[in-house]
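Heads up, the thing below is written out as structure tokens.
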Amino acid sequence: MQITFLGTSSGVPTRSRNVSSVALRLPQRAEVWLFDCGEGTQHQFLRSEFKSSQIRRIFITHMHGDHIFGLMGLLASCGLAGNRQQRIDIYGPKPLNDYLQACRRYSQTHFTLPIKIHAVEPGLVFEDEEFRVVCNRLEHRVPAYGYRVEERDRPGRFDVERAKALGIPSGPIYGQLKQGKRVTLEDGRVINGADLCGPDLVGRKLVYCTDTIYCDRAVDLAQGADVLIHEATFAHQDADLAYQRLHSTSTMAAQVALGAQVQQLIMTHFSPRYAPGNSIQLSDLLAEARAIFPNTLMAQDFLIHDILRQEEKTLVSSAS
1 MQITFLGTSS
11 GVPTRSRNVS
21 SVALRLPQRA
31 EVWLFDCGEG
41 TQHQFLRSEF
51 KSSQIRRIFI
61 THMHGDHIFG
71 LMGLLASCGL
81 AGNRQQRIDI
91 YGPKPLNDYL
101 QACRRYSQTH
111 FTLPIKIHAV
121 EPGLVFEDEE
131 FRVVCNRLEH
141 RVPAYGYRVE
151 ERDRPGRFDV
161 ERAKALGIPS
171 GPIYGQLKQG
181 KRVTLEDGRV
191 INGADLCGPD
201 LVGRKLVYCT
211 DTIYCDRAVD
221 LAQGADVLIH
231 EATFAHQDAD
241 LAYQRLHSTS
251 TMAAQVALGA
261 QVQQLIMTHF
271 SPRYAPGNSI
281 QLSDLLAEAR
291 AIFPNTLMAQ
301 DFLIHDILRQ
311 EEKTLVSSAS
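Here it is as structure tokens:
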């Protein structure tokens, strides 16, 4: 699982930051899932190593323009490519369908690719044999939702050498044992696959929360996540603005991460007011957050972050 930030500015783009969009790459499925799609997202795609044909799901948090103005253009371009058969599923607030239908009608755009729009409510949004996505309502000026992506646990490493030592013939039986199933051999022995597998590989968890002021629902959604992506529009010094506009400060984002006991916080959605030369810099926001939650990163456009499994983290730690 790999995260790429395609836009990290709030409200409007800047020379160095586009507006909100995050891509989640799932290499085992050759898929990309998008979270929000601000204006210019398809241009950011062109500057990345992604292909629009890889987009399988798009999750929209809320209906403010800096999170949706790029969606229609991206979908239209995908449709013009003309070589896509797989459907794009789009998840978001109830007005999202009306918005896209109006864009199609007034621009006379006819999609050639299949699209399905899902209106979300707090709870389960999507699940299959590998992943589960849930959402929860956040606290903003319009209905806004945070998303939690959970990878399902997988059986641990299958001990092939031990299986051979037990005289278990290779073939389809190994596949059943790898899944932890009980198998009866031709000689009558019953082998429990769980005995030949290491500890389960715990699934990774990613949480995306924007736009919102600090709220308990964000803490609940982020519980135990490997990575929490959380908006940090304002510095702590500008908390009054955060309360007026229902956005988070850097310290609020850190408090959510601390309360949820996440492994990593990555802040995004920064106000353009903290431009170079101003009295408050983005580095100040990072220092504020790290004072509360040390394992904090500040996103920038095209930052790539790998979400490692626990055993992979252990290997990396040992190697270093």
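Numbered continuously in this note's numbering, the sequence shown closes out at residue 320.
A virtual CB, placed ideally from N, CA and C, is assigned to each residue, including glycine.
Please state the DSSP three-state secondary structure of residue i.
i    : result
D89  : strand
Q300 : coil
F234 : strand
T68  : The sequence given here places Ile at residue 68; Thr does not occur at that position. I68: helix per DSSP, three-state reduction.
S52  : helix
C78  : helix
G73  : helix
A23  : strand
R189 : coil
V183 : strand
V219 : helix
Mark residue i as exposed unless 16 or more other C-beta atoms lie within 10 angstroms of its C-beta, in which case mark it buried.
i    : result
L285 : buried
T184 : exposed
P172 : exposed
E49  : exposed
G188 : exposed
K94  : exposed
Q255 : buried
N136 : buried
A291 : exposed
I68  : buried
Y106 : exposed
G92  : buried
Leaving aside the five residues before and after residue i along the sequence, list all residues of the same chain whose C-beta is less than 7 Å from its C-beta, in chain order.
i    : result
Q54  : A30, E31, V32
L196 : F158, D159, R162, A163, L177
V219 : V256, G259, A260
R217 : N136, R137, L138
In terms of alpha-carbon separation, which member of the options lies closest to residue i?
i    : options                : result
S232 : M298, L113, L124       : For the record, residue 232 in the displayed sequence is Ala; it is not Ser. Among M298, L113, L124, the Cα nearest to that of A232 is on M298.
Q223 : D238, R273, Q261, D216 : Q261
N295 : L282, L258, I117       : L258
S52  : H62, L71, G167         : L71
A119 : K205, F270, T61        : T61
R132 : M63, M252, F158, V207  : V207
V227 : H247, Q263, A235, D195 : Q263
E186 : I168, P199, L201, D195 : I168
I115 : G79, F158, R137        : G79
G193 : S279, A163, G203       : A163
Y243 : A289, Y214, A218, Q2   : Y214
T210 : M1, Q310, I3, T8       : T8
L166 : Y147, V190, R87, E121  : V190
P122 : T112, G146, D153       : G146
A225 : M63, R148, D240, R25   : R148
E39  : D66, L26, A23          : D66
L26  : P272, K205, I229, G277 : K205
T112 : D306, R87, Y174, D153  : R87
M63  : D306, Y99, T4          : Y99
Can you find the residues in the same chain that come closer than 6 Å, C-beta to C-beta, to residue i, ignoring five residues on each side of it along the sequence?
i   : result
Q44 : L6, N18
R57 : W33, D89
Can you list, in chain order, the residues of its chain with a C-beta nearer than 8 Å to that of residue i? Leave out the 5 residues immediately preceding and following it.
i    : result
A235 : T249, S250, Y274, I280, D284, L285, E288
Q42  : S52, G70, G73, L74, S77
C103 : M72, T109
With 7 Å set as the bound, which would you pick, yes or no: does the beta-carbon of residue i sit closer than that to a beta-carbon of chain C?
i    : result
R104 : Although the question refers to chain C, the structure presented lacks it and comprises just one protein chain.
Going along the chain, which unbroken runs of the beta strand (DSSP E) with 3 or more residues stay wholly within the segment 96 to 180? 115 to 119, 123 to 127, 131 to 137, 145 to 151
Note down, one range per segment and in chain order, each beta strand (DSSP E) of at least 3 residues found wholly within the segment 224 to 299. Secondary structure remark: continuous beta strand (DSSP E) runs of at least 3 residues inside the segment 224 to 299, in chain order: 227 to 231, 264 to 268, 296 to 298.
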